[in-house]
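Just add 436 to the spot in the sequence shown (first one is 1) and you have our numbering. Ideal Cβ positions, reconstructed from N, Cα and C, are used throughout, including at glycine. Accompanying notes for the structure given below.
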Amino acid sequence: MSQTDNDHQLRSVKVVNEHTRCFRGSDTKHNQCILRKNLENKTESPREVRKNSVEAECISIPGDASSTKRKDNQEEDNENLRQARGREASNCNGAWSILLGTFIILMLSNIMDTCFSLLFSPLFLDLGTSSTTIGWLFSILQLMWHSAGLFLGPLVKEFGWRKVAMMSSIMISCSVILSAFATSAFFLLVSFSILGGFSSGLLINLCFLIVPHYFTRRRGVANACMMTGSCLGLMIGPVIVGFLQVEFGFFSGTLVFGAVILHCCVGATLIGTIQCQEKANTCLENVNQEPHSQDADNKRNKWDNISDNVFVRVCRNSVTNLSILKNLRGTIIAVGGVLTTNSWLNFLSLMPFAVQAAGHPIQTTRMYMTVSAACNLVARITVCVLSDWSGFSMRACYMTSIAIIAVSTLAFSMVTNIWWQMAIMGVWGCGMGSYMGINNLIIAHYMGLDDMAATLGTMSLLTGVGFIIIGPSIGIVRDVTGSYAVSMWVLAGLAGCSFLPWIFMPAAVRYDHKKPITQLS
Numbered sequence: 437m438s439q440t441d442n443d444h445q446l447r448s449v450k451v452v453n454e455h456t457r458c459f460r461g462s463d464t465k466h467n468q469c470i471l472r473k474n475l476e477n478k479t480e481s482p483r484e485v486r487k488n489s490v491e492a493e494c495i496s497i498p499g500d501a502s503s504t505k506r507k508d509n510q511e512e513d514n515e516n517l518r519q520a521r522g523r524e525a526s527n528c529n530g531a532w533s534i535l536l537g538t539f540i541i542l543m544l545s546n547i548m549d550t551c552f553s554l555l556f557s558p559l560f561l562d563l564g565t566s567s568t569t570i571g572w573l574f575s576i577l578q579l580m581w582h583s584a585g586l587f588l589g590p591l592v593k594e595f596g597w598r599k600v601a602m603m604s605s606i607m608i609s610c611s612v613i614l615s616a617f618a619t620s621a622f623f624l625l626v627s628f629s630i631l632g633g634f635s636s637g638l639l640i641n642l643c644f645l646i647v648p649h650y651f652t653r654r655r656g657v658a659n660a661c662m663m664t665g666s667c668l669g670l671m672i673g674p675v676i677v678g679f680l681q682v683e684f685g686f687f688s689g690t691l692v693f694g695a696v697i698l699h700c701c702v703g704a705t706l707i708g709t710i711q712c713q714e715k716a717n718t719c720l721e722n723v724n725q726e727p728h729s730q731d732a733d734n735k736r737n738k739w740d741n742i743s744d745n746v747f748v749r750v751c752r753n754s755v756t757n758l759s760i761l762k763n764l765r766g767t768i769i770a771v772g773g774v775l776t777t778n779s780w781l782n783f784l785s786l787m788p789f790a791v792q793a794a795g796h797p798i799q800t801t802r803m804y805m806t807v808s809a810a811c812n813l814v815a816r817i818t819v820c821v822l823s824d825w826s827g828f829s830m831r832a833c834y835m836t837s838i839a840i841i842a843v844s845t846l847a848f849s850m851v852t853n854i855w856w857q858m859a860i861m862g863v864w865g866c867g868m869g870s871y872m873g874i875n876n877l878i879i880a881h882y883m884g885l886d887d888m889a890a891t892l893g894t895m896s897l898l899t900g901v902g903f904i905i906i907g908p909s910i911g912i913v914r915d916v917t918g919s920y921a922v923s924m925w926v927l928a929g930l931a932g933c934s935f936l937p938w939i940f941m942p943a944a945v946r947y948d949h950k951k952p953i954t955q956l957s
């Protein structure tokens, strides 16, 4: 064997040892080690390093002790892999029980938010509450619902998933029961809009957050099952609330409804503590995940001298989560979510008035809502299941969903025929269903599980603030122009504006992934 061949073999073995040491470290050390290797050997790309590693595994150098050591390391890695697979198999049943818990929670908790006007309409009529006051009650409810997402990550970090879910379930039930004793709009503001909105936001966002942590290979199927519970709650909610109001009246019916909501505790008992997975597997499966930014770590260290009080820690970590906006990917996701969510929420609240103003009966609105809800359910399940397919593009599906929402909102304002409007509402429901179906999955895909809670919480907070601003603004547009169509054009424009940032998502991914290289160089 020539001296050149020996040098090549020794160099390949060195690459294998370097690669093995990097892989056994933590996620951050693993990424930084490969980056340093690329900077030191600028002629070798990561693909070439992997190729040399494979070639080196097939080379046996006589008399070299590194060959025996390499075999021992390979056997140790295989043993660790078998143990990891065993733990994954043992936790499989626990993951599906958690999925059942999220199904129950979403089915029950979604009833409360969607039946606000139906649940309290008898009280509003008795008190003579104005439409402006009712609008503010609903707006504050939405603000508290969305603001709760920012505190979810720190609360789970302090108390765990099950305790947060259990306390939120109890708080939701108490808010409904207390609202049965309401004698004024201010009482309802405190008991339902603030207490109920915050606890409901915690519980529902927890379900969206926990499923991606427990499922990797069948994440889309699991998400589809969870979304089925959410859509089922939208369908059965008006039926349950209407039945209770007719049979028992407002006071007794609201008390019984609070007892029904208390069954969210059953779902909370099925939610356990997440078991940590292998960091190397998480790094390989979430290709778009990056370590926490250095700025966020420095900010946390700056606050370390503050009191160890739990409340202070939760507030501190919640504020720190806003630093996710320094990440371009997080900014695109948050801004797009704010515009799209406010577009379809305000369209839903505006559509019934537009239908009645066009001379159609109130039954037409119910028919439109039923069609859109059915299409919403089908689209959510379909998109979630397809997301497990290797050729599925989440970004393309997400952008298509936003475009459908914008175009269908615009088209609805331009037609007056009932059948055409019904067909458009079906298309609109498909767009909203596919958008909501992968909303949490696309955050996990682009931001990784570590930054998912911060991104979801920041987006929810901005959505709630936007609802307070955009909602009244749409009402002003309606009053000034005297046309519901113009207001819908503005809502379609909001959805269209949320489409534009997603065009630049690939460039944002490349930019964010270049940050560690810049720091190392």
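- request: Kindly give me the distance between the Cβ atoms of Leu535 and Met671, rounded to whole angstroms, as I take these residues to be in contact under 8 angstroms.
  value: Taking the first residue of the sequence shown as 1, we reach residue 535 at position 99. Taking the first residue of the sequence shown as 1, we reach residue 671 at position 235. Contact between Leu535 and Met671 fails: their C-beta atoms lie close to 20 angstroms from each other, not under 8 angstroms.
Residue nearest to Ala880 in terms of C-alpha spacing, selected from Tyr650, Leu579, Gly632, Glu594: Locating residue 880 in the sequence shown gives position 444, counting from the first residue. Of the candidates Tyr650, Leu579, Gly632, Glu594, the one whose C-alpha sits nearest the C-alpha of Ala880 is Tyr650.
- prompt: Can you give the beta carbon distance from His796 to Leu544, rounded, assuming they're within the 8 angstroms contact cut?
  reply: Here residue 796 is taken as the residue at index 360 of the sequence shown, counted from 1. Here residue 544 is taken as the residue at index 108 of the sequence shown, counted from 1. At roughly 32 angstroms, the Cβ-Cβ gap does not stay under 8 angstroms, so His796 and Leu544 are not in contact.
task: Using 10 angstroms around the beta-carbon of Val819, count the other beta-carbons present and answer buried if the total reaches 16, otherwise exposed.
output: Locating residue 819 in the sequence shown gives position 383, counting from the first residue. So Val819 ends up on the buried side.
The stretch 773 to 784 / the stretch 605 to 621 touching (three or more Cβ pairs under 8 angstroms): Contact between the stretch 773 to 784 and the stretch 605 to 621 is absent: fewer than 3 CB-CB pairs across the two stretches fall below 8 angstroms.
query: Buried or exposed: Gln658, going by 16 or more other Cβ atoms within 10 Å of its Cβ?
result: Stepping through the sequence shown from its first residue, residue 658 is reached at position 222. Gln is not the amino acid found at residue 658; the sequence shown has Ala there. Ala658 counts as buried, since no fewer than 16 other beta carbons sit within 10 angstroms of its beta carbon.
Buried or exposed by the 16-neighbour rule on C-beta atoms within 10 Å, applied to Thr690: The sequence position of residue 690 within the sequence shown is 254, counting from 1. Result: buried.
message: To the nearest angstrom, how far is the alpha carbon of Ser609 from that of Lys599?
response: Residue 609 sits at position 173 when you count from the first residue of the sequence shown. Residue 599 sits at position 163 when you count from the first residue of the sequence shown. The alpha-carbon separation between Ser609 and Lys599 amounts to approximately 16 angstroms.
Backbone secondary structure at Thr756 - three-state DSSP: What you label residue 756 is simply residue 320 of the sequence shown in a count that begins at 1. Residue state, collapsed to three classes: helix.
- prompt: Excluding sequence positions up to five away, which residues of its chain have a Cβ less than 7 angstroms from the Cβ of Gly772?
  reply: Counting from one through the sequence shown, the residue named residue 772 turns up at place 336. Contacts found: Ser934, Pro937, Trp938.
- prompt: Taking C-beta to C-beta, are Asn876 and Phe644 nearer than 8 angstroms?
  reply: The residue labelled residue 876 in the question sits at position 440 within the sequence shown. The residue labelled residue 644 in the question sits at position 208 within the sequence shown. For Asn876 and Phe644, yes; Cβs fall inside 8 angstroms.
task: Count the other CB atoms, across all protein chains shown, that sit within 10 Å of the CB of Leu897; report buried if there are 16 or more and exposed otherwise.
output: Within the sequence shown, the letter at position 461 stands for residue 897. So Leu897 ends up on the buried side.
- prompt: Run through DSSP, which three-state label would Ser557 get?
  reply: As a working note, residue 557 is residue 121 in the sequence shown. Ser557 falls in the helix class under three-state DSSP.
- prompt: Closest to Ser533 by CA distance: which of Gly703, Val677, Phe903 is it?
  reply: Position 97 of the sequence shown, counted from the first residue, corresponds to residue 533. That would be Gly703, whose Cα lies nearest to the Cα of Ser533.
task: Return the chain-ordered list of same chain residues with a C-beta closer than 8 angstroms to the C-beta of Gly669, the five sequence neighbours on each side being excluded.
output: Numbered from its first residue, the sequence shown carries residue 669 at position 233. Excluding positions up to five away in sequence, the list reads Leu542, Met543, Leu544, Ser545, Asn546, Ile547, Thr550.
- prompt: Is the beta carbon of Ile630 less than 8 angstroms from the beta carbon of Met580?
  reply: Here residue 630 refers to the residue found at position 194 of the sequence shown. Here residue 580 refers to the residue found at position 144 of the sequence shown. Against a cut-off of 8 angstroms, the Cβ pair of Met580 and Ile630 comes out as a contact.
- prompt: Where does Cys551 sit, in a helix, a strand or coil, going by DSSP?
  reply: Against the sequence shown, residue 551 aligns to sequence position 115. Coil, per DSSP.
- request: Just list the alpha helix (DSSP H) runs in the stretch 764 to 813, keeping only unbroken ones of 4 residues or longer that don't cross its boundaries, in chain order.
  value: Here the runs fully enclosed are 764 to 793.
- prompt: Where does Ala616 fall in DSSP's three states?
  reply: Residue mapping note: residue 616 aligns to position 180 of the sequence shown, counting from 1. DSSP places Ala616 in coil when its eight states are reduced to three.
query: Val807 and Gly766: beta carbons closer than 8 angstroms?
result: Here residue 807 refers to the residue found at position 371 when the sequence shown is read from its first residue. Here residue 766 refers to the residue found at position 330 when the sequence shown is read from its first residue. No, they are not a contact pair.
query: When burial is assigned at 16 or more other CB atoms within 10 Å of the CB, is Gln799 buried or exposed?
result: As a working note, residue 799 is residue 363 in the sequence shown. It counts as exposed.
- prompt: What is the residue span of the alpha helix (DSSP H) that Asn876 lies within?
  reply: By one-based count along the sequence shown, residue 876 stands at place 440. Boundaries of the alpha helix (DSSP H) around Asn876: 875 to 883.
query: Which term fits Met850, buried or exposed, when burial requires 16 or more other beta carbons within 10 angstroms of its beta carbon?
result: Within the sequence shown, the letter at position 414 stands for residue 850. Answer is exposed; the Cβ neighbour count stays below 16.
message: So for Met850, helix, strand or coil by DSSP?
response: For the purposes of this step, residue 850 is taken as residue 414 along the sequence shown, with counting starting at 1. Three-state DSSP puts Met850 in coil, outside helix and strand.
field: Outcome for Leu930 when other beta-carbon atoms lying within 10 angstroms are tallied against a minimum of 16
entry: By one-based count along the sequence shown, residue 930 stands at place 494. Under this definition Leu930 is a buried residue.
- prompt: Asp948 by DSSP, collapsed to three states: which one?
  reply: Here residue 948 corresponds to residue number 512 of the sequence shown, with the count starting at 1. Reduced to three states, the DSSP call for Asp948 is helix.
- request: Output the distance between the C-alpha atoms of Thr619 and Val696, rounded to the nearest integer angstrom.
  value: Looking up residue 619 in the sequence shown gives position 183. Looking up residue 696 in the sequence shown gives position 260. Thr619 and Val696: Cα-Cα distance of roughly 23 angstroms.
field: Contact set for Ile676: own chain, Cβ-Cβ below 6 angstroms, skip 5 residues either direction
entry: Translated into positions along the sequence shown, residue 676 becomes position 240. Counting only residues of its own chain and dropping the five nearest sequence neighbours on each side, Ile676 has no CB closer than 6 angstroms to any other CB.
message: Could you give the first and the last residue of the continuous alpha helix (DSSP H) run that contains Arg914?
response: Position 478 of the sequence shown, counted from the start, is the residue given in the question as residue 914. Unbroken alpha helix (DSSP H) run through Arg914: 888 to 917.
query: How far does the alpha helix (DSSP H) with His649 in it reach, from first residue to last?
result: Taking the first residue of the sequence shown as position 1, residue 649 is located at position 213. If you look at His649, you'll find it in the alpha helix (DSSP H) that goes 631 to 650.
query: Between which two residues does the alpha helix (DSSP H) carrying Arg655 extend?
result: Locating residue 655 in the sequence shown gives position 219, counting from the first residue. Going by DSSP, Arg655 is part of the alpha helix (DSSP H) stretching over 655 to 697.
Buried versus exposed call for Phe789 [16 or more other C-beta atoms within 10 Å across all chains shown]: Sequence index remark: in the sequence shown, residue 789 carries index 353 (1-based). Phe789 should be labelled exposed.
query: If you count every other CB in all the chains shown that lies within 10 Å of the CB of Ala943, and 16 or more means buried, which is it?
result: Position 507 of the sequence shown, counted from the first residue, corresponds to residue 943. Ala943 is exposed by the Cβ-count criterion.
message: Do Phe848 and Ile860 have their beta-carbon atoms positioned less than 8 angstroms apart in this structure?
response: Taking the first residue of the sequence shown as 1, we reach residue 860 at position 424. Taking the first residue of the sequence shown as 1, we reach residue 848 at position 412. In contact: Ile860 and Phe848 (Cβ atoms closer than 8 angstroms).
Collapsed DSSP secondary structure at Met941 in the structure displayed: The sequence position of residue 941 within the sequence shown is 505, counting from 1. The three-state reading of DSSP puts Met941 in helix, counting H, G and I together.
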